[in-house]
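Residue numbers (the numbering used here): 37 to 144.
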């Protein structure tokens, strides 16, 4: 297994939110985790993962997050509203906003 090399400008941030009780992912997890790898100088989201139950759901959230800037919360929320119609949408957005709060609290 190859391990990715990280550099000094990259930071790992996680955010969590409660999932709706009536969806599949809540049977596996009580909360959703969204994690992002961010270039601390530019704010660009370099990589992302979330704990949705389906690969396609995880991939789609990654598609929305990766390449965007963590500071562009409104743009990311708009993309989520216009493109992601999964039952966990609100939880994914909340978990991402929690990542943003942590990013804002970091002394860069």
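The beta carbon of each residue, even a glycine, is placed where N, CA and C say it ideally should be. Please read all numbers here as calculations on a predicted model, not as lab measurements.
If you draw a straight line from the alpha carbon of residue i to that of residue j, how long is it in whole angstroms?
i           : j           : result
residue 131 : residue 39  : 26 Å
residue 52  : residue 89  : 15 Å
residue 96  : residue 143 : 31 Å
residue 140 : residue 77  : 13 Å
residue 109 : residue 117 : 12 Å
residue 70  : residue 57  : 18 Å
residue 73  : residue 119 : 22 Å
Using a Cβ-Cβ cut-off of 6 Å (strictly less than) and excluding sequence neighbours within five positions of residue i, which residues of its own chain qualify?
i          : result
residue 98 : 84
When you compare each of the options to residue i by their alpha carbons, which one comes out closest?
i           : options              : result
residue 81  : 123, 114 and 136     : 136
residue 114 : 91, 134 and 100      : 100
residue 121 : 142, 110, 143 and 94 : 94
residue 79  : 129, 128, 126 and 49 : 49
residue 87  : 139, 140 and 127     : 127
With a threshold of 7 Å on Cβ separation, who are the neighbours of residue i within its own chain once the five nearest residues in sequence on each side are excluded?
i           : result
residue 59  : 123 and 124
residue 75  : 45, 46 and 82
residue 138 : 49 and 51
residue 134 : 51, 52 and 53
Below 8 Å CB to CB, which residues in the same chain sit around residue i once its five sequence neighbours on both sides are set aside?
i          : result
residue 66 : 54 and 55
Any Cβ of chain D within less than 9 Å of the Cβ of residue i?
i          : result
residue 95 : The displayed structure is made up of one protein chain only, and chain D is not part of it.
If contact is defined by three or more beta carbon pairs under 8 Å, each pair taking one atom from either stretch, is the region 41–51 in contact with the region 87–105?
no
Whole alpha helix (DSSP H) elements within the region 50–94, 4-residue minimum:
60–64
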